[in-house]
Amino acid sequence: MNLSMKWLSDFVKLKVEPREFSERMSLSGSKVEGWEIEGEEIQNVVVGKILSIEPHPDADKLVICQVDVGESEPLQIVTGATNLHPGDVVPVAKDHSVLPGGKEIRRGKLRGVVSNGMLCSLGELGLTAHDFPYAIEDGIFVLQEDCQLGQDICSAIGLDDTCVEFEITPNRPDCLSVIGLAREVAATFQKSLTLHEPKVQRETGDIHDLLSVCVENEKLCQRYVARMVKNIKIGPSPRWMRERLRASGVRPINNIVDITNYVMLEYGQPMHAFDYKYVKGGKIVVRNAKEGESIMTLDGVERRLSPQMLVICDEEKPSAVAGVMGGEYSGIMDDTDMIVFESACFLGSSVRTTARKLGMRTESSARFEKGLDTQTCIPAVMRACELVELLGAGEVVGGMIDIDNSDYKPTEIILDPQWINRFIGIDISREEMVDILQQLDCQIDGDTIIVPSFRKDLEHKADIAEEIARFHGYDKIPSTAIRGVAQGALTEYQKFERTLTNALLAQGCYEISSYSFISPKYYDKICLPQEHPLRKSVVILNPLGEDTSVMRTTAIPSMMEILSRNYNNRNGSASLFELANEYIPVDGQELPDENPVVTIGQYGASYDFFTLKGVVENLFSVLGISDLTVQAQSDIPYYHPGRCACLLSGDMQLGTIGEIHPQVAENYGIDVRVYVAHLHCDALFNARCGEKEYHPLPKFPATTRDLALLCDDDLPVQSIEKAIRAGAGGLLEQVDLFDIYKGKQIPDGKKSIAYNITMRSADRTLTDEDIEKAMEKILKKLAEIGASIRS
Amino acid sequence: MKAALEAIRQKILVELQEVHDTQTLENIRIKFLGKKGELTAILKQMGKLSAEERPVIGQLANEIRAFMEEHITERTAQLKKELTQQKLKEEKLDVTLPGKKGSIGKKHPLNLVLEEIEEIFLGMGFSIATGPEIELDYYNFEALNIPKDHPARDTQDTFYISDNVLLRTQTSPMQVRVMEKQKPPIRIIAPGRVYRSDAVDATHSPLFHQIEGLVVDKGVTMADLKGTLEIFVKRLYGEDSVVRFRPHHFPFTEPSAELDCMCFNCHGKGCSLCKGEGWIEILGCGMVHPKVLSNCGIDPEIYSGFAFGMGLERVVMRRFNIDDLRLLYENDLRFLNQF
Chain A
1 MNLSMKWLSD FVKLKVEPRE FSERMSLSGS KVEGWEIEGE EIQNVVVGKI LSIEPHPDAD
61 KLVICQVDVG ESEPLQIVTG ATNLHPGDVV PVAKDHSVLP GGKEIRRGKL RGVVSNGMLC
121 SLGELGLTAH DFPYAIEDGI FVLQEDCQLG QDICSAIGLD DTCVEFEITP NRPDCLSVIG
181 LAREVAATFQ KSLTLHEPKV QRETGDIHDL LSVCVENEKL CQRYVARMVK NIKIGPSPRW
241 MRERLRASGV RPINNIVDIT NYVMLEYGQP MHAFDYKYVK GGKIVVRNAK EGESIMTLDG
301 VERRLSPQML VICDEEKPSA VAGVMGGEYS GIMDDTDMIV FESACFLGSS VRTTARKLGM
361 RTESSARFEK GLDTQTCIPA VMRACELVEL LGAGEVVGGM IDIDNSDYKP TEIILDPQWI
421 NRFIGIDISR EEMVDILQQL DCQIDGDTII VPSFRKDLEH KADIAEEIAR FHGYDKIPST
481 AIRGVAQGAL TEYQKFERTL TNALLAQGCY EISSYSFISP KYYDKICLPQ EHPLRKSVVI
541 LNPLGEDTSV MRTTAIPSMM EILSRNYNNR NGSASLFELA NEYIPVDGQE LPDENPVVTI
601 GQYGASYDFF TLKGVVENLF SVLGISDLTV QAQSDIPYYH PGRCACLLSG DMQLGTIGEI
661 HPQVAENYGI DVRVYVAHLH CDALFNARCG EKEYHPLPKF PATTRDLALL CDDDLPVQSI
721 EKAIRAGAGG LLEQVDLFDI YKGKQIPDGK KSIAYNITMR SADRTLTDED IEKAMEKILK
781 KLAEIGASIR S
Chain B
1001 MKAALEAIRQ KILVELQEVH DTQTLENIRI KFLGKKGELT AILKQMGKLS AEERPVIGQL
1061 ANEIRAFMEE HITERTAQLK KELTQQKLKE EKLDVTLPGK KGSIGKKHPL NLVLEEIEEI
1121 FLGMGFSIAT GPEIELDYYN FEALNIPKDH PARDTQDTFY ISDNVLLRTQ TSPMQVRVME
1181 KQKPPIRIIA PGRVYRSDAV DATHSPLFHQ IEGLVVDKGV TMADLKGTLE IFVKRLYGED
1241 SVVRFRPHHF PFTEPSAELD CMCFNCHGKG CSLCKGEGWI EILGCGMVHP KVLSNCGIDP
1301 EIYSGFAFGM GLERVVMRRF NIDDLRLLYE NDLRFLNQF
C-alpha cells in the first residue's frame, strides 16, 4: 500500500520527516518498506515562457527560443520541438540541472548556436500523458497550470508529494486505505483523526425507478449497495486527484474511473461503475456463474467462468466477476451517460478462490479476499457520489439500493487490564489502555470493549493485549528470564547422530545437504526395474517442475547427483556423506514413513571398495557395533554385481555398500569408479552399544604366530577369519590378514592367504603347549571350510 | 715410578684434548684405565717398591686414577654435548615446506550453524524436537489458526500431496505435535526442512530450513520472550548486538513481533545490506495464540507461552557472506571446503 502524505494530511495534521515517520510507524506495527519523494531527483528545472522562436541558421530541424525564466535576461535555448508557440509556458532545465535518472543538463552549442539548457517533455520529467491529459507525449510539455515564471517545476506541477510504501499484513485489510493508515498514524503520533462524513447536495429522480438488484447467493454476497449518476460528462479528473492517484501507484483514466479508484484507496472499499445502458432490463443479479458462461474482462481477456464463481449480471449475462474485475462491454466509455456505482461486500474466500482460478489478482480482489467490512459500503458509495458532484461529472440520482445479508453485530471483548499486564509482563494503568483503544475507535462501555466493524482481527483478549502492547511500545516491555527449572538435553538418538557425524568427519568425509524431492526419472538413472517397489514415491500434486516432483524413496540418486556435479566441476576426488530422509509410502497410513539414512559416496584415485569399507568399519567401531556380517550381494540394480555387500549385525540389516554399477555411473556422466554406502540410521542406532566398558591393560606377554593358508579362490576371507576365531577361543587377541597371493606356485582356482595371529591370556604367560593346542584347533576348524596350511 | 705416573697424567690430558668421537674416547679409557691399561701396567711394578714408598705411590696412583676418571667423564659429557649440537645442526629443516595433511572432513555450513544455535538453546534449558516433513494440513495450518481459504495461506505457496497432506511450509506444526504429546512446562526448539513452491534463484529455494521455538508454562510473559530472544541474538551475533521488537502478524501468535537486529554493516545508518533500513529482520515470534493452545488441549486460562521461528539459510548466508543460496544445495567441494 502506497500512502500519499498529502492525502494523509486530509485526516491527520503531522509534521515529521519521512525517516522518523517510517521508523515510528514500523515500530507501532505498520511496517514501512521505503518511501519516495516525488521529483526528488529533479534539480534546477523551472517554469519559463517562450518569448520568441527563430529558425536556426545552420539546421532545418532546430529552432532558437528566447525563454523568460523570471530573470533579468531571457535564456537562449535551442530545441528540435515543433509544438511550440511564443507565449507557451514550458519546463526549462537550466544550465547544471538534473533530470530523473540522474541525467545532467549543461550549457552547450548546437550547430554553433549557444543553448543555455533544455526545454523538457513529459517523459523527460518522468511523467506520461495520464498525469497531464491535456499535454502530448512527443513534444515539449506545454503547461496549462497556474504558476510563476522561474518557479520550481516540481511545485508548479504538484510533483512534490512524498509517497510511503507500507507492508500490510493480511489481518489488516482496513489498512489498505488512506483512512485506515491515518487512524494508525494518529494513534502512533497521538494526534487527532479528522474524518469527514460524505454528503450529496442535490439529488434528482429515484434509483428504484431505474434499477432493481437481486442477490441470489446471500452467503457469497454479504451486502450490495448501488447508487446511480446521470448526465455523466466523461473527462479528465482534476489535477489534485490525478496527483494522489499517481502517488498511490494508480494510473489516472477518466473522472468516473478515477473516482472509483480514489474511493477504493481512501476507504479501502473496492468500487465498480457500470454503464447503465448496458445493464439489460435495468436489473442487476448477483449469482453464481452458469456452466459454460464466459466474460470478456476489462483487460480484454475472454475468461471462462465456472459455477463456483460469483458474478454480477444483468438480465442476460455476466457483466463483472464479483470483487475481481468488471466486464469490458459494460465499462465506462466516452459516451457513457448514466452509471451505476456498486459498493458491495463479497465473501473473502470466494473472491480469493475465483481470482486464483482465473489467474488474476487485482487491487479489488486483494482487498476482498482478506475479508472486508460490510459497514463501509455505504460511506464509500456516498463518497463516490460526493466526488461526482465535486468534480461536476454528473447528477446524482436520488435513493440507494441496499441489500444487507450480513447480520452485523459489533464484537464485544472484556477489558481485563490485570490479565493484559500479566500476559505481556508490564504494568500500565487501565486509563492508558482505554486511551489507546479509543484512539483506535474502540468504544468502552464499562468493562466491555466494543470493537469497530472494520477491525475484524480483534476477537480475543489476546488481540486487545497486542493493541495495548504495540501502542505502549514493544521497546518499553522489559526483558526477563523464563522462570522454572528446565532440563535441556540431547536425546540418545540426537547424541547418536552427532557421534555418527563426527566419526565420518574424522575420516575425511565432507557433509552435504541435498534436496529431498527428485525427478521420477532418477529411478531410471539408477537402473531400478520398472516394477521395483522403490519406484512407488510420494508424489507432489503441484510441483515446480519434473526435477522436483516426487519425494525420494532412496537417497542414492541424491548422492550420485552431487558426486556427479563435483566430478563435472573437475574436483579430482570426493568423499561425501549425508544424513538424509527417505520417504516411503505405507498402505493404510495417511503420512508416509520418513526413514533416516546415512549415505557415503566416494570417487577418485585414493578410493576403492575397501577404503569405503574401512570408513564404515571405523564408523561401526566408534558406534560400538560388533558382530558384523558382510554378505556378498549381486542383485541390487545400482551396484556392481561382483562388488557389493550387505551389512548385518546379527540378523539386523544395517545397509549396503559397494561400487556403483558402471551403467549407473555412466548415466550420471562419471567415467571413474564410484563407491557408495547406504546405511539405515534406525538400525545403526539399535545395533550400537551406547555403554563402553574398560578392559584392564594386559599384564602378561602376547604370543604371535604366522599362518599361511591355501584355499579355494572363492572362499570369502570372512569365513576363514571366523574359523580362526572359533578355533582359538578365548586366547585370541587379534587376527591380521597380511598377504593374499595368487599366481606362480599356487594351483589354479586357489589362493594363498597369510595371517598374523596374536594370542594372550589375561592371567598367565602362555606356554608353547597352550599355543600348539590352540593352533591345532584352529587348523581343524580351517580344515572344515577347506583351508589348509600351505606347505 | 712417580715420574711415570705423572707422565700418564700429562699424557691423558693431551690425548683427551684430541678426541672427537665416543669410540676413541672409549679406547682412551681402556688404554689408560683398562685391565691391560697403562696405569695397571705401572701398578704391577708396585711390588718392586719399598714399604715406605708403597703407600706414597699407592696414594698417588689412586689420585691419578681419580684424576683420569674425572677427566674422561668430563670429556664424555662435553663430547656428547658437541655431538648433539652437531646432530641438531645437521637436522635443520626448511620449516616453510608445506605440511603433510591427513584428510579431514567438514560439516555442511547449514549444520555448522544449526549446531551452534542448538547449543545456545540447549544451554538455556531447551530440548530439541523433531517432526514429519510430509505433514497433515491440520498440523501445518488448521491447528495453527489458519483455516482453509485464510489469506495467510497465500503467502506460503504450498506443495500438496493430497487435499489433506502437504509438505510442511513451516516448522510450526511441530509446536502443535509437541503440545499434543507433552504437558507444560515445555521448552523446545524444532529445526527442520520446510518446503514452499518458490522457483530457485539466488535468494529462494523450494526447500529451506527453519528453526522453531516454543515455551509454554504457567505465567510465561511477552517480557520472557524478549529476554530469551535477546540472549539468543547476543550469543549468536555478539554481545554488542542491538535488537528491536517490531509488531507484526502471524495467525498463530498474538501479540506477534518480528525481531530486527541493527545492521552489522552500517550500524543503523542504512546501507545496501539492510536496504537502507538500518535494521535486518532476524526472526518472527509472539505469544502462542490462545486458540492454538486450546487446539492442543492446553487451557489458555492457566498456561501461556511464546513461540518463535527463523530461517536458517539467511543466518548462514549472513554469517559467511554467501550471496547465492543455490551454493548451499550444490555441494561443490570447493565451496564445502571453505567452512
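Going down the list, the sequences are from chains A and B.
Take the first sequence: its letter number 129 is residue 129 in my numbering, and every next letter is one higher.
Take the second sequence: its letter number 311 is residue 1311 in my numbering, and every next letter is one higher.
Glycine included, C-beta positions come from ideal geometry on N, C-alpha and C.
Computed from a predicted model, the values in this text were never measured in an experiment.
Within the same chain, show all residues whose beta-carbon is closer than 6 Å to that of Leu782(A), passing over the 5 residues directly before and after it, in chain order. Counting from 1 along the first sequence, the entry for residue 782(A) is found at position 782. Contacts found: Ala723.
Could I get the ranges of all uninterrupted alpha helix (DSSP H) runs contained in the stretch 481-564 of chain A, with 4 residues as the minimum, in chain order? 492-506, 521-525
Just to check my reading of the structure: Gln269(A) and Thr374(A) have Cβ atoms closer than 8 Å, yes? What is that Cβ distance to the nearest angstrom? Translated into positions along the first sequence, residue 269(A) becomes position 269. Translated into positions along the first sequence, residue 374(A) becomes position 374. In fact, because the Cβ distance is near 10 Å, the residues do not count as touching under 8 Å.
So with CB distances below 9 Å, who are the chain B contacts of Pro543(A)? Locating residue 543(A) in the first sequence gives position 543, counting from the first residue. Residues of chain B passing the Cβ test: Phe1159, Ser1197, Pro1206.
Assigned exposure category for Val664(A) - 16 Cβ within 10 Å defines buried: One-based indexing of the first sequence puts residue 664(A) at position 664. Looking at its Cβ environment, which holds 16 or more other Cβ atoms inside 10 Å, Val664(A) is buried.
Which of helix, strand or coil DSSP assigns to Ile477(A): On the first sequence, residue 477(A) is found 477 positions in, with the first residue counted as 1. If DSSP states are grouped into helix, strand and coil, Ile477(A) belongs with coil.
Between the beta-carbon of Val263(A) and the beta-carbon of Arg287(A), is there less than 8 Å? Walking along the first sequence from the start, residue 263(A) turns up at place 263. Walking along the first sequence from the start, residue 287(A) turns up at place 287. No. Outside cutoff.
Which first and last residues belong to the alpha helix (DSSP H) in which Thr1040(B) is found? Residue numbering aside, residue 1040(B) sits at position 40 when the second sequence is read from its first letter. Start and end: 1038-1043.
Coarse secondary structure for Thr260(A), derived from DSSP in three states: Translated into positions along the first sequence, residue 260(A) becomes position 260. Three-state DSSP puts Thr260(A) in a helix.
Give a yes or no on whether the C-beta atoms belonging to Phe1308(B) and Gly1213(B) are separated by under 8 Å. Indexing the second sequence from 1 puts residue 1308(B) at position 308. Indexing the second sequence from 1 puts residue 1213(B) at position 213. Their beta carbons are under 8 Å apart, which means Phe1308(B) touches Gly1213(B) by this criterion.
Please list, in chain order, the chain B residues whose beta carbon lies closer than 7 Å to that of Val538(A). Taking the first residue of the first sequence as 1, we reach residue 538(A) at position 538. Within 7 Å Cβ-Cβ: Ile1134, Ile1161.
Measure the alpha-carbon distance for Gln201(A) versus Ile401(A) and round it to whole angstroms. Against the first sequence, residue 201(A) aligns to sequence position 201. Against the first sequence, residue 401(A) aligns to sequence position 401. Answer to the nearest angstrom: the Cα atoms are 19 Å apart.
Express the C-alpha separation of Leu619(A) and Ser575(A) in angstroms, rounding to a whole number. On the first sequence, residue 575(A) is found 575 positions in, with the first residue counted as 1. On the first sequence, residue 619(A) is found 619 positions in, with the first residue counted as 1. Each residue's Cα considered, the two are about 15 Å apart.
Between the beta-carbon of Val69(A) and the beta-carbon of Val46(A), is there less than 8 Å? Here the question's residue 69(A) lines up with position 69 in the first sequence. Here the question's residue 46(A) lines up with position 46 in the first sequence. Taking 8 Å as the Cβ cut-off, Val69(A) and Val46(A) qualify as a contacting pair.
Any idea which residues DSSP pairs Glu40(A) with across the strands? If you number the first sequence from 1, residue 40(A) lands on position 40. DSSP output for Glu40(A) lists no bridge partner at all.
Whose Cβ in chain A lies nearer than 8 Å to the Cβ of Gln1254(B)? Looking up residue 1254(B) in the second sequence gives position 254. Per the sequence shown, the amino acid found at residue 1254(B) is Glu instead of Gln. Those are His460, Ala462, Asp463, Ala465, Glu466, listed as they occur along chain A.
Quick check on DSSP: helix, strand or coil for Glu165(A)? To locate residue 165(A), count along the first sequence from 1; it is residue 165. Correct three-state label for Glu165(A): strand.
Using a beta-carbon distance below 8 Å, is Ala31(A) in contact with chain B? Within the first sequence, the letter at position 31 stands for residue 31(A). Checking the displayed sequence, the identity of residue 31(A) turns out to be Lys instead of Ala. Yes, contact with chain B.
What would DSSP say about Asn1140(B), mapped onto helix, strand or coil? Counting from one through the second sequence, the residue named residue 1140(B) turns up at place 140. Residue state, collapsed to three classes: helix.
Measure the CB-CB distance between Gly425(A) and Pro478(A) and report whether it falls below 8 Å. Looking up residue 425(A) in the first sequence gives position 425. Looking up residue 478(A) in the first sequence gives position 478. Their beta carbons are under 8 Å apart, which means Gly425(A) touches Pro478(A) by this criterion.
With distances taken between CB atoms, is the gap from Val1316(B) to Leu1327(B) smaller than 8 Å? For the purposes of this step, residue 1316(B) is taken as the residue at position 316 of the second sequence. For the purposes of this step, residue 1327(B) is taken as the residue at position 327 of the second sequence. No.
Along the chain, where does the beta strand (DSSP E) that runs through Gln805(A) open and close? No statement about residue 805(A) is possible, as the shown extent of chain A runs from 1 to 791 and does not include it.
If you run the structure through DSSP and keep just helix, strand and coil, what is Phe11(A)? Position 11 of the first sequence holds residue 11(A). Three-state result, Phe11(A): coil.
Since Ile757(A) sits in a beta bridge, which residues does DSSP pair it with? Against the first sequence, residue 757(A) aligns to sequence position 757. According to DSSP, which records beta bridges pairwise, Ile757(A) is partnered with Arg705(A), Val735(A).
First through last residue of the alpha helix (DSSP H) which encompasses Ile1057(B): Within the second sequence, numbered from 1, the residue matching residue 1057(B) stands at position 57. 1053-1090 is the span of the alpha helix (DSSP H), which, as asked, contains Ile1057(B).
Run through the stretch 326-413 of chain A for me and flag every whole alpha helix (DSSP H) of 4 or more residues, listed as ranges in chain order. 348-358, 363-368, 377-391
Kindly indicate if chain B contains any beta-carbon less than 8 Å away from that of Asn800(A). Chain A is shown only over 1 to 791; residue 800(A) falls outside these bounds and no answer can be derived.
Considering Ile1008(B), what are the terminal residues of the alpha helix (DSSP H) in which it resides? The count along the second sequence starts at 1 and reaches residue 1008(B) at position 8. 1002-1018 is the span of the alpha helix (DSSP H), which, as asked, contains Ile1008(B).
CA-CA distance, Glu1074(B) and Lys1048(B)? As a first step, residue 1074(B) must be located in the second sequence, where it is residue number 74. As a first step, residue 1048(B) must be located in the second sequence, where it is residue number 48. Spanning the two alpha carbons is a distance of roughly 34 Å.
Of the listed residues Lys290(A), Val257(A), Lys15(A), Glu266(A), nearest to Phe274(A) (C-alpha basis): Numbered from 1 along the first sequence, position 274 holds the residue referred to as residue 274(A). Closest option to Phe274(A), Cα to Cα, is Val257(A).
Taking 8 Å as the CB-CB cut-off, is His1108(B) touching chain A? As a first step, residue 1108(B) must be located in the second sequence, where it is residue number 108. Answer yes: the Cβ-Cβ gap between His1108(B) and chain A drops below 8 Å somewhere.
Provide the residue(s) that pair with Thr442(A) in DSSP beta bridges, ordered along the chain. By 1-based counting over the first sequence, the position of residue 442(A) is 442. The question names Thr, but residue 442(A) in the sequence shown is Cys. Beta-bridge pairing links Cys442(A) to no other residue.
Are Cys345(A) and Gln148(A) closer than 8 Å when you measure CB to CB? By 1-based counting over the first sequence, the position of residue 345(A) is 345. By 1-based counting over the first sequence, the position of residue 148(A) is 148. Not in contact: Cys345(A) and Gln148(A) (Cβ atoms no closer than 8 Å).
Short-range partners of chain A found in the stretch 1316-1335 of chain B, where Cβ spacing is below 9 Å: Leu1328, Tyr1329, Glu1330, Asn1331, Asp1332, Leu1333, Arg1334
Cutoff 8 Å: Ser1103(B) Cβ touching any chain A Cβ: For the purposes of this step, residue 1103(B) is identified with residue 103 of the second sequence, where counting begins at 1. It does; some Cβ of chain A falls within 8 Å.
Name the DSSP bridge partner or partners of Phe1245(B)? Numbered from its first residue, the second sequence carries residue 1245(B) at position 245. Answer by DSSP bridge pairing, in chain order: Leu1259(B).
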